[in-house]
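Step one of this worksheet: look at the structure below.
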Amino acid sequence: MIVRNLPPAFQIAFKLADMERQWLTIVGPQLSASTRPNRLERGELIVACESPAAAQMIKLSAGTLLRRVKKLTGLELPGVRAVVSRLERPRQTPPAPSRRLRVSPEMIDEALNRVKATVKDPDTALSLARLEAAARARWGEGREEG
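With numbering that gives the first Met the number 0 applied, the sequence shown corresponds to residues 0 to 145, in that order.
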């Protein structure tokens, strides 16, 4: 495995990243919502907790937490310390506005009347009329003919 060939500091960094990914499994759904693994300090895992109650739960379940970390990541830690701090939440970006064109049936009918004069096949004429209506909806009337 590639991780074994890395310097020890990088191996620990990979294991910490793995622990962050598996935090829900390590502490359970209730604590994972209000805690985050923050950093290592002298080998001890520092857990950021949203409230004193969450910090108390981390302290009470420290032994179980350390066993699960070792089992899931292979990272053997001497202890856990819970600190109450504000948790950084992942930013949620608002959904992108719909870019779908709104082409009314009237616009298609107008374009179809223009296209029918030169295109005899009804399916092709309808397709071209839809294309023209969509282009007009997207870019406006276009350049003046002349």
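Backbone N, C-alpha and C define an ideal beta-carbon position, used for all residues, glycine too.
**Asked** What are the boundary residues of the alpha helix (DSSP H) that includes ARG20?
**Response** In the sequence shown, the residue the question calls residue 20 occupies position 21. Residue range 7-20 is occupied by the alpha helix (DSSP H) that includes ARG20.
**Asked** Thinking just about the alpha-carbon of each residue, which of GLU75, LEU125 and MET106 is nearest to the one in GLY42?
**Response** To locate residue 42, count along the sequence shown from 1; it is residue 43. Closest option to GLY42, Cα to Cα, is GLU75.
**Prompt:** Taking one C-beta from the stretch 11-20 and one from the stretch 54-66 each time, how about it: are there three or more such pairs within less than 8 Å?
**Reply:** Using a C-beta cut-off of 8 Å, the stretch 11-20 makes no contact with the stretch 54-66, since fewer than three inter-stretch Cβ pairs fall below that distance.
**Request:** Kindly indicate which three-state DSSP category GLU40 falls into: helix, strand or coil?
**Result:** Indexing the sequence shown from 1 puts residue 40 at position 41. Looking at GLU40 - three-state DSSP - the assignment turns out to be strand.
**Item:** Of the residues VAL83, LEU130 and LEU100, the one placed nearest GLU49, counting alpha carbons only
**Value:** Within the sequence shown, residue 49 is the residue found at index 50, counting from 1. Nearest of VAL83, LEU130 and LEU100 to GLU49, Cα basis: VAL83.
**Prompt:** If we count the other Cβ atoms within 10 Å of its Cβ and call it buried at 16 or more, is PRO36 buried or exposed?
**Reply:** The residue labelled residue 36 in the question sits at position 37 within the sequence shown. Residue burial annotation: PRO36 is buried, with at least 16 other C-beta atoms found within 10 angstroms of its C-beta.
**Request:** Can you give me the start and stop residues for the beta strand (DSSP E) that ARG129 sits inside?
**Result:** In the sequence shown, the residue the question calls residue 129 occupies position 130. Boundaries for ARG129: no beta strand (DSSP E) harbours it, while the alpha helix (DSSP H) harbouring it runs 121-138, taken from the DSSP string.
**Request:** Excluding the 5 residues preceding and the 5 following SER33 in the sequence, name in chain order all residues of the same chain whose CB lies nearer than 7 Å to its CB.
**Result:** Your numbering for residue 33 matches position 34 in the sequence shown. If the five residues before and after SER33 are omitted, its C-beta is found closer than 7 Å to the C-beta atoms of CYS48, GLU49, SER50 and ALA53, all from its own chain and listed in chain order.
**Message:** Assuming contact is defined by CB atoms lying nearer than 8 Å, are ARG101 and ALA128 in contact in what I supplied?
**Reply:** What you label residue 101 is simply residue 102 of the sequence shown in a count that begins at 1. What you label residue 128 is simply residue 129 of the sequence shown in a count that begins at 1. In terms of Cβ geometry, ARG101 and ALA128 do not form a close pair [threshold 8 Å].
**Prompt:** Got a sec, what are the start and stop residues for the alpha helix (DSSP H) ARG113 sits in?
**Reply:** Translated into the one-based positions of the sequence shown, residue 113 becomes position 114. Boundaries of the alpha helix (DSSP H) around ARG113: 104-115.
**Request:** Reducing DSSP to helix, strand and coil, say where VAL118 ends up.
**Result:** One-based indexing of the sequence shown puts residue 118 at position 119. VAL118: coil per DSSP, three-state reduction.
**Prompt:** From LEU39 to LEU65, what does the alpha carbon distance come to, in whole angstroms?
**Reply:** On the sequence shown, position 40 is the one that residue 39 refers to. On the sequence shown, position 66 is the one that residue 65 refers to. About 13 Å.
**Prompt:** Of all the options GLY73, THR72 and ILE45, which has the alpha carbon lying nearest to the alpha carbon of ALA61?
**Reply:** The sequence position of residue 61 within the sequence shown is 62, counting from 1. If we check each option's Cα against that of ALA61, ILE45 comes out closest.
**Request:** State yes or no: is the C-beta of ILE25 within less than 8 Å of the C-beta of LEU86?
**Result:** As a working note, residue 25 is residue 26 in the sequence shown. As a working note, residue 86 is residue 87 in the sequence shown. For ILE25 and LEU86, no; Cβs fall outside 8 Å.
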